[in-house]
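Taken in sequence, the protein lines are chains A and B. So the mapping is simple: the working numbering equals the position in the first sequence, first residue as 1, plus 154. So the mapping is simple: the working numbering equals the position in the second sequence, first residue as 1, plus 125. Quick reminder that beta carbons are idealized off the backbone N, C-alpha and C, glycines included. These numbers come from a predicted model, not from an experiment. In what follows, a structure is listed as structure tokens, so that the remarks can point back to it.
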Amino acid sequence: GQQVMQIPQYQHVQEGEDFTTYCNSSTTLSNIQWYKQRPGGHPVFLIQLVKSGEVKKQKRLTFQFGEAKKNSSLHITATQTTDVGTYFCAGLTTLDSNYQLIWGAGTKLIIKP
Amino acid sequence: NAGVTQTPKFQVLKTGQSMTLQCAQDMNHEYMSWYRQDPGMGLRLIHYSVGAGITDQGEVPNGYNVSRSTTEDFPLRLLSAAPSQTSVYFCASSYQVGGVYEQYFGPGTRLTVT
């Protein structure tokens, strides 16, 4: 079936270091969304990328959508304790004329004390 | 605007018991869905609805039923609880088809089946 692979599963960083998570799809995506889930919380929408090669920034967060619309990345510069949580990508595909949102397994960002 | 609300927040069931997880949204969203999240895993779609009276199965529908009699409400029924259904359940809604528009999630129901 269609899959979105997200790596790494965990990333431990010192506060102030950078963080990156990657998503790779087995098929071309219509769009990709990114969500953040704080520990014990629920996923919260961050951003949506639609165009091939699109790059969007939100303060210290940079989101990219690959040229082939099969991969995406989220990069956080100079992590802060408020960045702790799990970051999910979700790619939209169509299957038999139906939209299908396929979720990555998430990358957990852990800040080392 | 309360957004997406879910009840209960926590639930413990014995194997074989049935229950209904409630989900409601006040944003007039057409698309609603139920996910389960297991430790270290992403979100797996159980059932979804594109409007009142219309429901369909997701990736892991077995053991669960849904109905959508109104735009606002989308309850999830566990027919005969099993330990494998221990999980965190999230309800989500979006303006139209999920993925075209951002999804709003409820706070979740943490279910333990013993």
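Asked: May I ask you to verify whether the segment 239–259 of chain A touches the segment 142–149 of chain B, counting CB pairs closer than 8 Å and requiring at least 3?; Found: no
Asked: Name the residue from A/196, A/162 and A/263 whose alpha carbon lies nearest to the alpha carbon of residue 230 of chain B.; Found: A/196
Asked: Might you give, ordered along the chain, the residues of its own chain that have their beta carbon closer than 8 Å to the beta carbon of residue 223 of chain B, omitting 5 neighbours on each side?; Found: 156, 158, 173 and 217
Asked: To the nearest angstrom, how far is the alpha carbon of residue 208 of chain B from that of residue 185 of chain B?; Found: 15 Å
Asked: The segment 216–227 of chain B: which residues have C-beta closer than 7 Å to a C-beta of chain A, in chain order?; Found: 222, 223, 224, 225 and 227
Asked: DSSP puts residue 263 of chain A in a beta bridge; with which residues?; Found: A/165 and A/239
Asked: Below 8 Å on the Cβ atoms is my contact criterion, and I expect residue 173 of chain A with residue 233 of chain A to pass it. Report the Cβ-Cβ distance as a whole number of Å.; Found: 5 Å
Asked: Excluding the 5 residues flanking residue 210 of chain A on each side, which residues of the same chain have their C-beta closer than 6 Å to its C-beta?; Found: 201 and 217
Asked: What are the start and end residues of each continuous beta strand (DSSP E) run of 3 or more residues lying completely inside the segment 164–209 of chain A, in chain order?; Found: 164–168, 173–179, 185–191 and 198–203
Asked: Applying a beta-carbon distance threshold of less than 8 Å, which residues of chain B neighbour residue 196 of chain A?; Found: 215, 230, 231, 232 and 233
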